[in-house]
Amino acid sequence: MAVTIKDVEYVAKLARLEFNEQQMQKFTQDLNGILGYVEKLSEVDTEGVEISIHPFPMFNALREDIVRPSLDREEALLNAPEKEDNLFKVPKVIE
Numbered sequence: 019m020a021v022t023i024k025d026v027e028y029v030a031k032l033a034r035l036e037f038n039e040q041q042m043q044k045f046t047q048d049l050n051g052i053l054g055y056v057e058k059l060s061e062v063d064t065e066g067v068e069i070s071i072h073p074f075p076m077f078n079a080l081r082e083d084i085v086r087p088s089l090d091r092e093e094a095l096l097n098a099p100e101k102e103d104n105l106f107k108v109p110k111v112i113e
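For the sequence shown, the working numbering gives the first residue as 19, with consecutive numbering after it.
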């Protein structure tokens, strides 16, 4: 499957990009080169190769969720510039 200038024009239009003729030629050549490399992958014998999503083993690095004592509400509000009804008062952002 070869990429044509029409294909590059179509994708550029979808992306709302404008290219001159020289750039269109270069992108067409570049994309065809990339597709050539991708086609070479089909020549590789993958029989018996285990499927992998990531090249390195992945594991969950998160710690267990343990309930611990937290900061007291009054203590947390001590340095608040403004507070109201035991809550932080912030400027209105949405009107």
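For glycine and all other residues, C-beta sits at the position ideal for the given N, C-alpha and C.
If you're wondering where the values come from, they're calculated on a predicted model, not measured in any experiment.
Through-space distance from residue j to residue i, alpha-carbon basis
| i | j | result |
| --- | --- | --- |
| F77 | S88 | 29 Å |
| V62 | I69 | 14 Å |
| G54 | F74 | 27 Å |
| D90 | L80 | 26 Å |
| T64 | F106 | 59 Å |
| K101 | I112 | 19 Å |
Opening and closing residue of the alpha helix (DSSP H) in which residue i lies
| i | result |
| --- | --- |
| A30 | I23 to L32 |
Residues near residue i by beta carbon distance below 7 Å, same chain, minus five either side
| i | result |
| --- | --- |
| K44 | none |
| A20 | N50 |
Distance CB(residue i)-CB(residue j) smaller than 8 Å
| i | j | result |
| --- | --- | --- |
| L95 | N104 | yes |
Cβ neighbours of residue i in the same chain (closer than 8 Å, five flanking residues each side left out)
| i | result |
| --- | --- |
| E93 | none |
Sequence-distant residues of the same chain with beta carbon closer than 6 Å to residue i, five excluded per side
| i | result |
| --- | --- |
| M42 | I23 and V26 |
Next item on the list: Let me know the alpha helix (DSSP H) ranges lying completely inside the region 49-102, each 4 residues or longer, listed in chain order.
Entry: Counting whole runs of 4 or more residues, the region 49-102 contains the alpha helix (DSSP H) stretches 91-94.
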